[in-house]
Amino acid sequence: MTVMVRAFAPGDEHSLIESWNRSLPGDPTTATWFRDCVLLDPNFDPEGLRVAVSDGRVVGSAYGVRRLTPLAPGTDLEPETGWIPFFFVAPGHRGAGLGRRLLTEALDFLRARGRTRVDFASYTPNYVLPGADPELYPEGLALLTSLGFGTLYSPVAMDRTLVGYQTPEDVHELRAEREREGYAFRGPTDGELPELIRFAADEFNPDWGEAIRHHKDTTRMVVARKRDRIAGFALYAAYRGIPERFGPFGVDAHERGTGLGKILLHLTMTRMRAEGLHSSWFLWTGEASPAGHLYTKAGYQVTRRFRVMRWASE
């Protein structure tokens, strides 16, 4: 059966989503996600979304994207960098080099537009997964490796049940101690949101600032203040409106070691439980990092491991 590889065209979306869900059973998608995070992304270029078509239906795809608009105010277009957020080949069409062809065409699209490094799959804000999952998709990892992608780092996803959760007594005691020192823990006011956005963007990642800007629900945020400044924050339901998805979450580097992160994490979990949520989860942290240790002590467990990968021209 003849397979043609070309740029995405209107009408491809329906069979693309069906093929995606057959090809990536551990990470199914929806028409709404594809519309909002791919087609309506201001960086979307249909030439970068390569599709393999057989008998009028999409049977594989690889998506190459570069920034045409800045991620956040004050950031640049990252002119050397491109991303491949996802690729797949339907089960009945594997083994004939189609995945290699799709990925090569996505890479060629990015290289022709001046990109000298390409990351899989950490395209913010609209990434599918942080990177390749070697357990669920070993063939995909092997294909990336064969094309010259190397592993940058290996984040983990973690989950924790909230069924039966109670704020530990030592957290109450730690909070009282910090409050005696002048810290306050509460939801931000509307007037504090610009400060919180700047803090998250400048101290951590512009994507975090934009997540807060678009989230706006202060009932699902907690900040730690020390007199006239924000020292840390945590929130949930910021990404795609998923209530049980925790984060972003951060503490000022000068305030680490004081227990603020522990207090913020548990205060947020308490709010989530009060809302009737049954779990808390996130996609990305360093397992051996201070944050990873904090999550583990709070009862989170690793549920998936990823490899963030990069191709770079010589």
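Sequential numbering of the sequence shown, starting at 129, is according to the working numbering.
Here a beta-carbon is modelled for each residue, glycine too, at the ideal position from N, C-alpha and C.
Within 10 Å of its beta-carbon, does residue i have 16 or more other beta-carbons around it, so buried, or fewer, so exposed?
| i | result |
| --- | --- |
| Leu168 | exposed |
| Ile370 | exposed |
| Glu233 | buried |
| Met132 | exposed |
| Arg178 | buried |
| Leu205 | exposed |
| Tyr281 | exposed |
| Asp183 | exposed |
| Thr386 | buried |
| Pro213 | buried |
| Met349 | buried |
| Arg306 | buried |
| Thr337 | Residue identity differs from the one stated: residue 337 is Gly in this sequence, not Thr. Gly337 should be labelled buried. |
| Ser417 | exposed |
| Arg308 | exposed |
| Pro283 | buried |
| Ala452 | The first residue shown for the chain is 129 and the last is 442, placing residue 452 beyond what the model contains. |
| Gly242 | exposed |
| Ala312 | exposed |
| Gly139 | exposed |
| Ser441 | exposed |
Please state if the CB of residue j and the CB of residue i are separated by a distance shorter than 8 Å.
| i | j | result |
| --- | --- | --- |
| Pro153 | Arg435 | no |
| Pro316 | Thr346 | yes |
| His394 | Ala426 | yes |
| Ile325 | Arg314 | no |
| Gly259 | Met400 | no |
| Leu388 | Gly414 | no |
| Tyr443 | Val193 | Given that the chain is displayed from residue 129 to residue 442, the structure contains no residue 443 and the question cannot be resolved. |
| Thr244 | Glu301 | no |
| Thr203 | Pro334 | yes |
| Phe327 | Ile358 | yes |
| Leu290 | Leu405 | yes |
| Arg288 | Gln429 | yes |
| Asn149 | Thr157 | yes |
| Gly210 | Leu238 | yes |
What did DSSP end up calling residue i once you bin it into helix, strand or coil?
| i | result |
| --- | --- |
| Asp247 | strand |
| Val166 | helix |
| Tyr367 | coil |
| Tyr428 | coil |
| Lys344 | coil |
| Tyr281 | strand |
| Phe332 | coil |
| Thr157 | coil |
| Pro376 | strand |
| Leu302 | helix |
| Asp287 | strand |
| Tyr423 | helix |
| Leu177 | strand |
| Leu411 | strand |
| Gly188 | strand |
| Met400 | helix |
| Ser151 | helix |
| Phe237 | helix |
| Ile212 | coil |
| Gly87 | This structure gives no information on residue 87, because the portion of the chain shown stretches from 129 to 442. |
| Ala339 | helix |
| Ala224 | coil |
| Ala381 | helix |
| Ala270 | helix |
| Arg195 | coil |
Would you please state the rounded distance, in angstroms, between the beta carbons of residue i and residue j? I believe it to be under 8 Å.
| i | j | result |
| --- | --- | --- |
| Gly188 | Ser147 | 7 Å |
| Thr396 | Met286 | With 8 Å as the limit, Thr396 and Met286 do not qualify as a contact, their Cβ atoms being about 14 Å apart. |
| Glu175 | Ala224 | No, Glu175 and Ala224 are not in contact; Cβ-Cβ is about 24 Å, not under 8 Å. |
| Leu392 | Ala419 | Wrong, their Cβ atoms sit about 11 Å apart, outside the cutoff. |
| Phe162 | Glu141 | 6 Å |
| Trp412 | Val246 | That belief does not hold up - the Cβ atoms of Trp412 and Val246 are roughly 19 Å apart, past 8 Å. |
| Arg384 | Phe410 | Arg384 to Phe410, Cβ: 19 Å. No contact. |
| Gly227 | Leu271 | 5 Å |
| Phe216 | Ser151 | 4 Å |
| His382 | Leu363 | With a Cβ gap of about 21 Å, His382 and Leu363 do not count as contacting. |
| Tyr367 | Ala339 | 6 Å |
Would you call the segment 192–200 in contact with the segment 287–295, where contact means no fewer than 3 C-beta pairs closer than 8 Å? Counting Cβ pairs under 8 Å, fewer than three are found: no touch.
If contact is defined by three or more beta carbon pairs under 8 Å, each pair taking one atom from either stretch, is the segment 247–261 in contact with the segment 218–225? Contact annotation: the segment 218–225 does not touch the segment 247–261, with fewer than three C-beta pairs closer than 8 Å.
Does the segment 268–288 touch the segment 225–242, meaning 3 or more C-beta pairs lie closer than 8 Å? Yes: at least three Cβ pairs fall under 8 Å.
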